[in-house]
Amino acid sequence: MSEASAPLVKRDPEGTRRRILAAATEQFTSHGLAGARVDAIARAADTNERMLYYYYGSKEGLYVAVLEEMYADYASREAGLDLADLTPTAAITLLAQTIWTYVRENPGWLCLINNENLHQGRYVKGSGKVKQTISPVVEMLRATLARGVATGEFKRHVDALNFCVTLVGMSFYVVSSRFTLEEFLGRDFMEQSAQDSISNMQLGMLLAYLRAPSDPLDAS
Numbered sequence: 436m437s438e439a440s441a442p443l444v445k446r447d448p449e450g451t452r453r454r455i456l457a458a459a460t461e462q463f464t465s466h467g468l469a470g471a472r473v474d475a476i477a478r479a480a481d482t483n484e485r486m487l488y489y490y491y492g493s494k495e496g497l498y499v500a501v502l503e504e505m506y507a508d509y510a511s512r513e514a515g516l517d518l519a520d521l522t523p524t525a526a527i528t529l530l531a532q533t534i535w536t537y538v539r540e541n542p543g544w545l546c547l548i549n550n551e552n553l554h555q556g557r558y559v560k561g562s563g564k565v566k567q568t569i570s571p572v573v574e575m576l577r578a579t580l581a582r583g584v585a586t587g588e589f590k591r592h593v594d595a596l597n598f599c600v601t602l603v604g605m606s607f608y609v610v611s612s613r614f615t616l617e618e619f620l621g622r623d624f625m626e627q628s629a630q631d632s633i634s635n636m637q638l639g640m641l642l643a644y645l646r647a648p649s650d651p652l653d654a655s
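Going by this note's numbering, the letters in the sequence shown line up with residues 436 to 655, in that order.
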């Protein structure tokens, strides 16, 4: 076949980037930063190591990109919720259930977070994108809490950031410790009935904490 008649190969740089990112997510989730292999990522992405370094600079740069993508995906689901038309109590309920469902459906997310904590947050510390993705979720929660105070449903002076960390932490522990919990306690918290049971209890605890006191003097 002559050069003129040879089929053209369509370049797809964005597709290559996405394949590299997906393959890297799998490697970092399974093996952490230290154990992940660049050659394995390149093979899984159907590309070569040169392209990996071209797009992401280094193994560490690719790891940061995976973390940024992970947090962006998490935040986009919560930020996309329409809570304004719900009562504050219903809004908190929907937000909690959405976050807990996301954590249960994405246990690899917890593996990446745990791995980054082993590195003492060294890599997310230098990423402005991570902070930008999380901030809208906290602001949405802050606005919902303020609406609850205005309607008399919630007490005053609830720290939105503390509440957000508590809400996420409730599901984080159950999912990240699911194997040892099942071994020690004999209950599989990934089963739907167990999920429903503990989620209902946790939601009741959160709403009880938010509930405005009956005595107006206690609300100050």
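Every residue gets a Cβ at the ideal spot worked out from N, C-alpha and C, and that includes glycine.
- Going by DSSP, residue 584 is part of the alpha helix (DSSP H) stretching over 563 to 586.
- Beta bridge pairing from DSSP links residue 512 with no other residue.
- Here DSSP, grouped into helix, strand and coil, assigns residue 463 to helix.
- Secondary structure of residue 624 (DSSP, three-state): coil.
- In this model, residue 513 and residue 482 are separated by some 34 Å (Cα to Cα).
- In the three-state DSSP reduction, residue 591 falls in the coil class, being neither helix nor strand.
- The three-state reading of DSSP puts residue 646 in strand, counting E and B together.
- Shown here for residue 472: not one same chain residue has a beta carbon closer than 6 Å to its own, the five before and five after excluded.
- Put simply, the backbone Cα of residue 603 is about 7 Å away from that of residue 535.
- Residue state for residue 531 is assigned as helix, using DSSP reduced to three classes.
- For residue 464, the number of other beta carbons within 10 angstroms of its own is at least 16, and it is reported as buried.
- Under the three-state reduction of DSSP, residue 451 is assigned to helix.
- Here the alpha carbon of residue 617 sits roughly 44 Å from the alpha carbon of residue 485.
- Contact between residue 459 and residue 502 is ruled out by a C-beta separation of about 10 Å, above the 8 Å threshold.
- In summary, residue 550 is buried, with 16 or more beta-carbon neighbours lying within 10 Å of its beta-carbon over all protein chains present.
- Judged by their CB atoms, residue 610 and residue 562 are not nearer to each other than the 8 Å cut-off.
- Judged by DSSP in its simplified three-state form, residue 632 adopts helix.
- Contact check for residue 624 and residue 613: beta-carbon distance about 5 Å, within the 8 Å limit, so the pair qualifies.
- By the criterion of a C-beta distance shorter than 8 Å, residue 504 is surrounded in its chain by 456, 460, once the five residues flanking it on both sides are discounted.
- Per DSSP, reduced to three states, the secondary structure at residue 472 is coil, with no helix or strand assignment.
- Within the same chain, 591 come within 6 Å of residue 584 by CB-CB distance, once the 5 residues on both sides are set aside.
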